[in-house]
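Chemist:
Residue numbers (full-length UniProt numbering): 1 to 322.
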């Protein structure tokens, strides 16, 4: 089958489309015919050799997809061949077909085109699991997400606003700031001109912060927390080692949690996907939350898609179609 292959770790030039062996579904798995997949920052790290797939996952890059059910493994119920679905993957999305544990297969939200549905599973699962299942963001609380115009950011802004939080976010251009406001951010902060710590301090502090920067923002994030605040770190774009002021945490009775999604046990990922279908998909179907797609490219332009991801100028998601 057609799939993206790599010629070793490196830049986007190591990516090309070739032929690989087609998978077959095992017990409890679904085989999907992939219509589209989406590019995530983790994909670029895997390409560079820094983020290998967990044991048992395909070597092919790709953490989410949309498509149609092609075959069912032993014991799988609730799906039929031909059903249109989207799925959260541990790998393998950049391919014509992929096998998925049944618990990570989700229906396409009503009204969403199949191609656009490819960009929903990873961000929806990331935001739902971290902001709501882990940090327990409540209606009326203050929520800060960094990079509100990115893939995760656009989902976090919309979902938090739709569930009644007061949303703060950072972005680095007038266009991205305006996008964040249009998605429900009450406070869009230009990180080139303003200090988010000062903005949050004036408002009373953030109850929940979702951060993908890691080390470089650690101290400032703690400073921006309210009493009882919860900081959830999901990335290391700003480095992996920082200094944590435990005294500041104690004074605020605050917490810092670091999580990842890809290597979680299947039961945990299935529970997250159930939560997404129950709580997020109705908001998507109603139009309160929508996929934000910057560009759609054919699979053969995967190198170009990775260049766009690493350049950082895009808003929302980059989709690859098969």
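All residues carry an ideal CB built from backbone N, CA and C; glycine is no exception.
Drop a sphere of 10 angstroms on the beta-carbon of residue 273, count the other beta-carbons inside from all chains shown, and report buried for 16 or more, exposed for fewer.
Modeler: Classification of residue 273: buried, given that the 10 Å Cβ count is 16 or more.
Chemist: Based on the DSSP secondary-structure assignment, which residues constitute the bridge partners of residue 16?
Modeler: DSSP, once it has assigned bridges, lists 5 as partnering residue 16.
Chemist: What residue range does the alpha helix (DSSP H) around residue 229 cover?
Modeler: Residue 229 -> not in any alpha helix (DSSP H); beta strand (DSSP E) instead, spanning 225–233.
Chemist: Compute the distance between the beta-carbons of residue 125 and residue 177, then report whether it is under 7 Å.
Modeler: Contact: no.
Chemist: Give me the Cα-Cα distance between residue 283 and residue 80, rounded to the nearest whole angstrom.
Modeler: Using only the alpha carbons, I get a separation of about 25 Å.
Chemist: Suppose you measure from the CA of residue 133 to the CA of residue 259; what does that come to, to the nearest Å?
Modeler: One C-alpha to the other measures close to 12 Å.
Chemist: Following the continuous beta strand (DSSP E) through residue 86, name the residue where it begins and the one where it ends.
Modeler: Note, residue 86: beta strand (DSSP E), 84–88.
Chemist: Measure the CB-CB distance between residue 320 and residue 299 and report whether it falls below 7 Å.
Modeler: Yes.
Chemist: Residue 268 to residue 104, Cα distance in whole Å?
Modeler: Distance between the alpha carbons of residue 268 and residue 104: 10 Å.
Chemist: Entirely within the region 138–167 and at least 4 residues each: give me those alpha helix (DSSP H) ranges in chain order.
Modeler: As far as the region 138–167 is concerned, its whole alpha helix (DSSP H) runs of at least 4 residues are 151–162.
Chemist: Assuming residue 43 is part of the alpha helix (DSSP H), what are its boundary residues?
Modeler: First-last of the alpha helix (DSSP H) with residue 43: 41–47.
Chemist: Report the CB separation of residue 34 from residue 95 in whole angstroms; it is logged as a contact under 8 Å.
Modeler: Yes, they are in contact, since the Cβ atoms of residue 34 and residue 95 sit about 6 Å apart, within 8 Å.
Chemist: Are the region 214–221 and the region 233–245 touching by the rule of at least three beta carbon pairs closer than 8 Å?
Modeler: Short answer: they touch.
Chemist: Measure the Cβ-Cβ separation of residue 390 and residue 86 and say whether it is below 7 Å.
Modeler: With the chain running from 1 to 322 in the structure shown, residue 390 is simply not present.
Chemist: If residue 161 and residue 140 are in contact, beta carbons under 8 Å, what's the gap, nearest whole angstrom?
Modeler: That pair is no contact at about 12 Å.
Chemist: Put residue 307 into one of helix, strand or coil per three-state DSSP.
Modeler: DSSP places residue 307 in helix when its eight states are reduced to three.
Chemist: Between the region 49–56 and the region 11–19, do three or more beta carbon pairs fall short of 8 Å?
Modeler: Too few Cβ pairs lie closer than 8 Å, so no.
Chemist: Quick one: give me the first and last residue of the beta strand (DSSP E) that residue 317 is part of.
Modeler: Start and end: 317–321.
Chemist: Can residue 123 and residue 155 be called in contact, C-beta distance under 7 Å?
Modeler: Their beta carbons are under 7 Å apart, which means residue 123 touches residue 155 by this criterion.
Chemist: For residue 330 and residue 131, what's the separation of their Cα atoms in angstroms?
Modeler: The chain is shown from 1 up to 322; residue 330 falls before or after that span and cannot be answered.
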